[in-house]
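To start, the structure under review is shown below, and the notes come after it.
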């Protein structure tokens, strides 16, 4: 296991700044995820670490060894690509063995290591098949085995599950976590899927337009977003403009506007405009009640989601709330909603894109 990987990187393509002073330290054995929308620079950062792109400025250090001057094959990193990048003319065995052959590992050792790795990813008996004869999940397992067989100092994964169907995605997500823990890997993972990031990661790096917005444990990102963009990206679908009017003895703020009064957590000034960020699943229906913390509105849309229902509620102020409820109210009915103030995050307003 490595001690630490640390880097500070910037990347420009012409006048476009794709990655802006991205600095991070990754501890040995840690699983770190770069999370953000398409075009935010997360895959560029991964390609810089792998050596597939040169940085405009910056350095990469693995313990006391500087890596950025080295070509990819000398960095000792394994990489799993979004499109698998398997060689179609090579068998499963030869695809997995490719990195060892490049490193001139003895033939006897190659066979042993490839068979051990195929057993680890549950592909025994498929050594002679070709990629076209495999399912998408099997191809992804081959790609993971190929990256792991070289015993990488760091494993890099670039949206490896995005081409799989929902069931396979869940299975492979669990498999990646199992392999990370079982082999004591240091892993850096790129995704735009918050569920993947939350379930896999020790730490999440939320990115936007080439910049790091927040770094933290999954619970920190999920429960304590630092700004409106992060909140919106990780599932706070309700953003209600209010004005802060006070703070209680419990430290919670009170904010109101548009006929609503809510309490919540935040670090904003009295009299300032805020956006109250609320997750749909944190809203609950209560029977005919009014007062602080109660929101009344008319149901305008109900969507069945299995055991729960996604519901849109038009408020008297004209705003629309999204709730996830265990039972379906009737379209056109008036409902009262409440939310635990500890689940409301009050944030300074900003543009959400």
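In this note's numbering, the protein residues as written are 140 to 492. Yeah, the Cβ is synthetic: ideal placement off N, Cα and C, and Gly gets one too. What you are looking at is a predicted structure, and each value in this text was computed from that prediction instead of being measured.
Simplified DSSP state of residue i, which is helix, strand or coil
i           : result
residue 359 : helix
residue 331 : coil
residue 228 : coil
residue 165 : strand
residue 297 : strand
residue 156 : strand
residue 279 : helix
residue 183 : helix
residue 492 : Per-residue confidence for residue 492 stands at a pLDDT of 48, beneath the threshold of 50, marking its modelled position as unreliable; no derived number is given.
residue 241 : helix
residue 214 : coil
residue 392 : strand
residue 466 : coil
residue 285 : helix
residue 353 : strand
residue 233 : helix
residue 174 : strand
residue 472 : coil
residue 206 : coil
residue 337 : helix
residue 188 : helix
Extent of the continuous beta strand (DSSP E) to which residue i belongs
i           : result
residue 151 : 143-152
residue 424 : 422-425
residue 386 : 377-386
residue 250 : Per DSSP, residue 250 belongs to no beta strand (DSSP E); it is in the alpha helix (DSSP H), 246-259.
residue 306 : Segment 305-322 is the alpha helix (DSSP H) holding residue 306; no beta strand (DSSP E) there.
residue 400 : 399-405
residue 443 : 433-443
residue 483 : No beta strand (DSSP E) contains residue 483, which DSSP labels as neither H nor E.
residue 458 : Per DSSP, residue 458 belongs to no beta strand (DSSP E) and is neither H nor E.
residue 414 : 412-417
residue 342 : 342-347
residue 195 : That residue, residue 195, is in no beta strand (DSSP E); it is neither H nor E in DSSP.
Bounding residues of the alpha helix (DSSP H) (the contiguous stretch that carries residue i)
i           : result
residue 368 : 367-372
Sequence-distant residues of the same chain with beta carbon closer than 8 Å to residue i, five excluded per side
i           : result
residue 492 : Reliability of the predicted coordinates at residue 492 is poor, the pLDDT of 48 falling under 50, and no value is obtained from them.
residue 172 : 327, 328, 329, 330, 335, 336, 339, 340, 342, 343 and 344
residue 262 : 231, 277, 280, 281 and 284
Beta-carbon spacing of residue i, residue j below 8 Å
i           : j           : result
residue 235 : residue 292 : no
residue 316 : residue 339 : yes
residue 440 : residue 451 : yes
residue 256 : residue 287 : yes
residue 297 : residue 383 : no
residue 231 : residue 205 : no
residue 474 : residue 433 : no
residue 167 : residue 142 : yes
residue 148 : residue 190 : no
residue 407 : residue 485 : yes
residue 300 : residue 217 : no
residue 413 : residue 454 : no
residue 471 : residue 437 : yes
residue 165 : residue 144 : yes
Nonlocal neighbours in the same chain, by C-beta distance under 6 Å from residue i, ignoring five residues either side
i           : result
residue 375 : 416 and 418
residue 467 : 441 and 448
residue 372 : none
residue 249 : 236 and 239
residue 157 : 150, 180, 183 and 349
residue 480 : 391, 402 and 403
Residue i Cβ short of 7 Å to the ligand FAD heavy atom set
i           : result
residue 205 : No copy of the ligand FAD appears in this structure; indeed no ligand is present at all.
Contact set for residue i: own chain, Cβ-Cβ below 7 Å, skip 5 residues either direction
i           : result
residue 361 : 337 and 373
residue 266 : 230, 231, 232 and 257
residue 458 : 379 and 397
residue 195 : 149, 150 and 151
Within-8 Å CB hit, residue i to chain B
i           : result
residue 348 : The displayed structure is made up of one protein chain only, and chain B is not part of it.
The segment 351-359 contacting the segment 396-407, beta-carbon criterion three pairs below 8 Å: As far as the Cβ criterion goes, the segment 351-359 does not touch the segment 396-407, which means the pair count is below three.
Would you check if there are 3 or more beta carbon pairs closer than 8 Å linking the segment 209-221 to the segment 248-267? No, the segment 209-221 does not touch the segment 248-267.
Do the segment 166-185 and the segment 140-156 make contact, defined as three or more Cβ pairs closer than 8 Å? With a cut-off of 8 Å, the segment 140-156 and the segment 166-185 count as touching, because enough Cβ pairs lie within range.
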